[in-house]
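Heads up, the thing below is written out as structure tokens.
Structure, rendered in structure tokens:
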């Protein structure tokens with residue numbers, strides 16, 4: 001059965017994008033990462049929100065712009081949106097209901113991960129009790145503003161249990177189980 005994983009690169013001050021959804025800040029930290037290289041083949045499907053799917057791309061101007069993990073992932077992507085585009089990319093399914101999109105992604109993933117992209121979709125997974133793991137790649141940078149990893153007005157405690165810590169020259173990865 002598929003597990004749901006939120007994997008994300010994060011600034012030290014807690015942002016996954018810069019102001020206005022800018023992800024160019026991430027480029028210096030996208031170099032080789034053995035943990036990510038080992039993870040990508042274990043991903044069976046992507047679950048992503050429309051804003052993240054269509055948003056700024058850290059690989060902008062590169063040959064694999066617009067592709068998950070810079071082209072490292074090839075498989076089904078499920079985009080949660082109420083505004084599906086007229087011209088969908090092959091392998092991308094637009095779904096107007098979060099629960100249906102998650103179920104389809106889990107079915108497609110089989111015994112691999114459903115990799116969640118985007119703070120809003122991750123939050124919906126948490127609220128539905130469907131998030132199993134979190135992999136945070138801390139980049140040594142502070143952004144000061146942008147989209148937070150997890151934001152819940154009034155607060156919400158989500159207990160995590162550390163699974164592993166991995167250091168690379170470009171980032172420090174912390175992998176957690178959601179308790």
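Numbering (the UniProt record's numbering), first residue to last: 1 to 179. Ideal placement from N, C-alpha and C gives every residue a C-beta, glycine not left out. Everything numeric in this text was worked out from a predicted model, so none of it was measured.
Can you tell me the Cα-Cα spacing of residue 153 and residue 123, whole angstroms?
-> Residue mapping note: residue 153 aligns to position 153 of the chain shown, counting from 1. Residue mapping note: residue 123 aligns to position 123 of the chain shown, counting from 1. Spanning the two alpha carbons is a distance of roughly 12 angstroms.
Where residue 45 falls, given that 16 or more other Cβ within 10 Å makes a residue buried = As a first step, residue 45 must be located in the chain shown, where it is residue number 45. By the neighbour-count criterion, in which 16 or more other beta carbons inside 10 Å mark a residue as buried, residue 45 falls on the buried side.
Alpha-carbon to alpha-carbon, residue 33 and residue 42 = As a working note, residue 42 is residue 42 in the chain shown. As a working note, residue 33 is residue 33 in the chain shown. Their Cα atoms are separated by approximately 15 angstroms.
Are the Cβ atoms of residue 168 and residue 15 separated by less than 8 angstroms?
-> Counted from its first residue, the chain shown places residue 168 at position 168. Counted from its first residue, the chain shown places residue 15 at position 15. The answer is no: Cβ separation not under 8 angstroms.
Could you tell me which residues DSSP pairs with residue 162 in its beta bridges?
-> Along the chain shown, read from residue 1 onward, the residue named residue 162 stands at position 162. Residue 162 pairs with 176.
So, residue 108 versus residue 84, is the Cβ gap smaller than 8 angstroms?
-> Here residue 108 is taken as the residue at index 108 of the chain shown, counted from 1. Here residue 84 is taken as the residue at index 84 of the chain shown, counted from 1. Not in contact: residue 108 and residue 84 (Cβ atoms no closer than 8 angstroms).
C-alpha distance - residue 88 paired with residue 117, whole-angstrom precision | Residue mapping note: residue 88 aligns to position 88 of the chain shown, counting from 1. Residue mapping note: residue 117 aligns to position 117 of the chain shown, counting from 1. The alpha-carbon atoms of residue 88 and residue 117 are separated by roughly 18 angstroms.
Measure the alpha-carbon distance for residue 166 versus residue 172 and round it to whole angstroms.
-> Working through the chain shown from its first residue, we reach residue 166 at position 166. Working through the chain shown from its first residue, we reach residue 172 at position 172. Linking residue 166 to residue 172 through their CA atoms gives a straight-line distance of about 6 angstroms.
Who are residue 185's beta bridge partners in DSSP?
-> Residue 185 lies beyond the residue range present for the chain, which begins at 1 and ends at 179; the question has no answer from this structure.
How about residue 47 and residue 126: do their beta carbons lie closer than 8 angstroms?
-> As a working note, residue 47 is residue 47 in the chain shown. As a working note, residue 126 is residue 126 in the chain shown. Their beta carbons are not under 8 angstroms apart, which means residue 47 does not touch residue 126 by this criterion.
Using 8 angstroms as the threshold, is the segment 132-150 in touch with the segment 10-24, meaning 3 or more CB pairs across them?
-> The segment 132-150, when compared against the segment 10-24, does touch it at the 8 angstroms Cβ threshold.
Among 86, 175, 80, 159, which one has its Cα closest to the Cα of residue 49?
-> Counting from 1 along the chain shown, the entry for residue 49 is found at position 49. For the set 86, 175, 80, 159, the Cα lying nearest the Cα of residue 49 is the one of 80.
Is it buried or exposed for residue 130, if we count other Cβ within 10 angstroms and need 16 for buried?
-> Translated into positions along the chain shown, residue 130 becomes position 130. Residue 130 is buried by the Cβ-count criterion.
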